[in-house]
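In short: position in the sequence shown from 1, add 699, done, that's this note's numbering.
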Amino acid sequence: MKFVKMHGLGNDYIVINEFDGEIIKEEDKEEFSRKICKRGFSIGADGVIFVQKPTDNEYDIRFRIFNSDGSEAEMCGNGIRCFSKYVYERVLKKNPLKVETKGGLRISEMEIEDDIVKKVRVYMGAPKFQLKDIPMKIEGKSEEDVFLNETVKLKNDLLKEVKLSVVNVGNPHAVIFVEDNDITMDFARENLDIIGKEIENHEVFPERINVHFIEVLNPNEIKILTWERGAGYTTACGTGTTSSVIIAHKLGKTENKVLAHLDGGDLEIEIKEDGVYMKGNAVIIYEGELIDIGW
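As structure tokens, then:
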């Protein structure tokens with residue numbers, strides 16, 4: 700089986716082209732993704748991206764992504780930039796590109812030099828804040844309510860409660876500002892595998908959630924640390940960055956155009972009347988042929 704390895708800000712993916720037909724059977728995709736993503740045993744990655752024909756004529760192409768734990772995600776910001784570069788350079792010379800995702804329509808506009816995609820600007824749609832769209836179930840709140848900078852109780856010995864906000868941009872995110880919780884980014888980083896994991900799997904999030912710790916540097920810059928649903932710590936998360944800027948702007952902490960600094964690099968996010976736009980790069984690392992899944 701041929702594959703391509705790509706990354707967006709260090710968030711790495713195995714890309715499999717199923718545009719001309721199924722390569723991995725539908726019933727096998729979950730187990731296949733879990734096995735092929737295991738570092739040290741197989742190729743290793745944060746997730747697997749499948750390039751497929753769209754199910755409806757309103758789209759140009761279909762994007763599917765499976766996390767390293769085998770779960771299928773609705774959307775992925777870094778993943779869709781990698782996907783868009785791959786599609787333009789190897790499958791379909793179309794720009795902009797209307798992409799079908801489980802989270803709805805996404806539109807990719809590419810900056811191209813000598814037929815090579817240098818940067819991808821993605822229309823991420825309009826955010827949803829109601830608890831039914833996350834989903835989130837918490838006592839005293841209805842499914843039409845929102846949850847902005849409010850408290851959730853925790854069970855670990857490091858942080859007994861956390862103030863967070865939730866939003867869905869095709870997939871669900873919990874955004875935590877360190878300054879509102881009297882903690883530092885260093886504290887969050889040192890204890891990410893405990894606190895991030897607990898919040899991801901908290902009982903108030905029946906379908907789990909992506910978790911982001913944010914430090915606001917100034918009205919046009921933030922720093923982000925990510926614990927990704929189904930993958931754990933990742934160097935960057937495009938939908939998470941989008942969500943973090945949306946919440947920061949909604950709470951009056953930033954302007955509508957923000958440069959976000961992640962462990963893997965920077966992303967530009969702009970909030971407009973019609974929705975939110977994300978801009979960043981994507982890299983093809985290598986291509987190869989899988990001989991054995993590895994384990």
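Cβ atoms here follow ideal geometry from the backbone N, Cα and C, with glycine treated the same way. On a predicted model such as this, the values are computed, not experimentally measured, just so you know.
Alpha carbon of residue i to alpha carbon of residue j, nearest angstrom
i      : j      : result
GLU900 : THR850 : Note that residue 900 is Asn in the sequence shown here, rather than Glu. The straight-line gap from Cα to Cα measures roughly 16 Å.
ARG820 : ILE806 : 8 Å
LEU830 : ILE898 : 16 Å
GLU838 : GLY951 : 27 Å
GLU920 : ILE913 : 10 Å
LEU857 : ARG738 : 29 Å
ASP991 : LYS971 : 47 Å
PRO795 : TYR787 : 10 Å
GLY895 : LEU916 : 22 Å
MET705 : TYR712 : 5 Å
GLY720 : ILE735 : 20 Å
CYS936 : GLU927 : 8 Å
SER767 : VAL861 : 27 Å
ILE723 : GLY931 : 25 Å
MET809 : ASP832 : 30 Å
ASP973 : LYS801 : 20 Å
PRO834 : ASP813 : 44 Å
PRO905 : PRO871 : 11 Å
GLU729 : LEU891 : 26 Å
Cβ shell of residue i (< 7 Å), same chain only, five flanking positions each side left out
i      : result
THR934 : LEU708, GLY709, ASN710, LEU961, ASP962, GLY963
THR941 : GLY776, MET823, VAL868, ILE968, VAL975, MET977
MET884 : VAL877, PHE912, GLU914, LYS922, LEU924
ARG888 : LEU924
Inter-residue CB distance, residue i and residue j (contact presumed, cutoff 8 Å)
i      : j      : result
PHE749 : ARG763 : 4 Å
ILE946 : VAL874 : 4 Å
MET774 : THR938 : 6 Å
SER770 : GLY929 : 5 Å
VAL903 : LYS836 : 6 Å
MET989 : PHE702 : According to the sequence displayed, residue 989 carries Leu and not Met. At roughly 6 Å, the Cβ-Cβ gap stays under 8 Å, so LEU989 and PHE702 are in contact.
Extent of the continuous beta strand (DSSP E) run through residue i
i      : result
THR640 : For the chain, the structure presents residues 700 to 994; residue 640 sits outside this window and is missing.
LEU847 : First-last for LEU847: undefined, no H or E at that position.
GLU988 : 982-988
TYR712 : 710-716
THR800 : 796-800
TYR976 : 974-979
SER864 : 860-867
PHE749 : 746-751
Residues sharing a beta bridge with residue i, DSSP
i      : result
MET809 : VAL819
TRP926 : VAL910, TYR932
GLU771 : PHE765
HIS997 : Lying before the first or after the last residue shown, residue 997 is absent from the chain, which here runs from 700 to 994.
HIS901 : BP columns for HIS901 are empty, so no partner.
PHE702 : GLY987
ASN880 : According to DSSP, which records beta bridges pairwise, ASN880 is partnered with nothing at all.
LYS827 : ASN867
GLY803 : THR800
ILE760 : VAL798
ASN917 : GLU920
Close-in-space but distant-in-sequence residues of the same chain around residue i (CB under 6 Å, 5 per side omitted)
i      : result
ASN980 : LYS818
PRO826 : VAL866, VAL868, ILE945
GLU954 : PRO918, ASN919
ASN716 : VAL750
ALA744 : ASP711, TYR712, ILE713, CYS736
VAL747 : ILE713, SER732, PHE765
Endpoints, the alpha helix (DSSP H) within which residue i is located
i      : result
ASP965 : ASP965 -> not in any alpha helix (DSSP H); beta strand (DSSP E) instead, spanning 964-971.
PHE782 : 776-789
VAL944 : 937-949
PHE731 : 728-735
Close Cβ partners of residue i (< 8 Å) along its chain, the five nearest in sequence each way excluded
i      : result
GLU878 : GLU914, VAL915
VAL758 : According to the sequence shown, residue 758 is Tyr rather than Val. Taken in chain order, the residues that qualify are LYS797, VAL798, GLU799, LEU804.
LYS854 : GLU897
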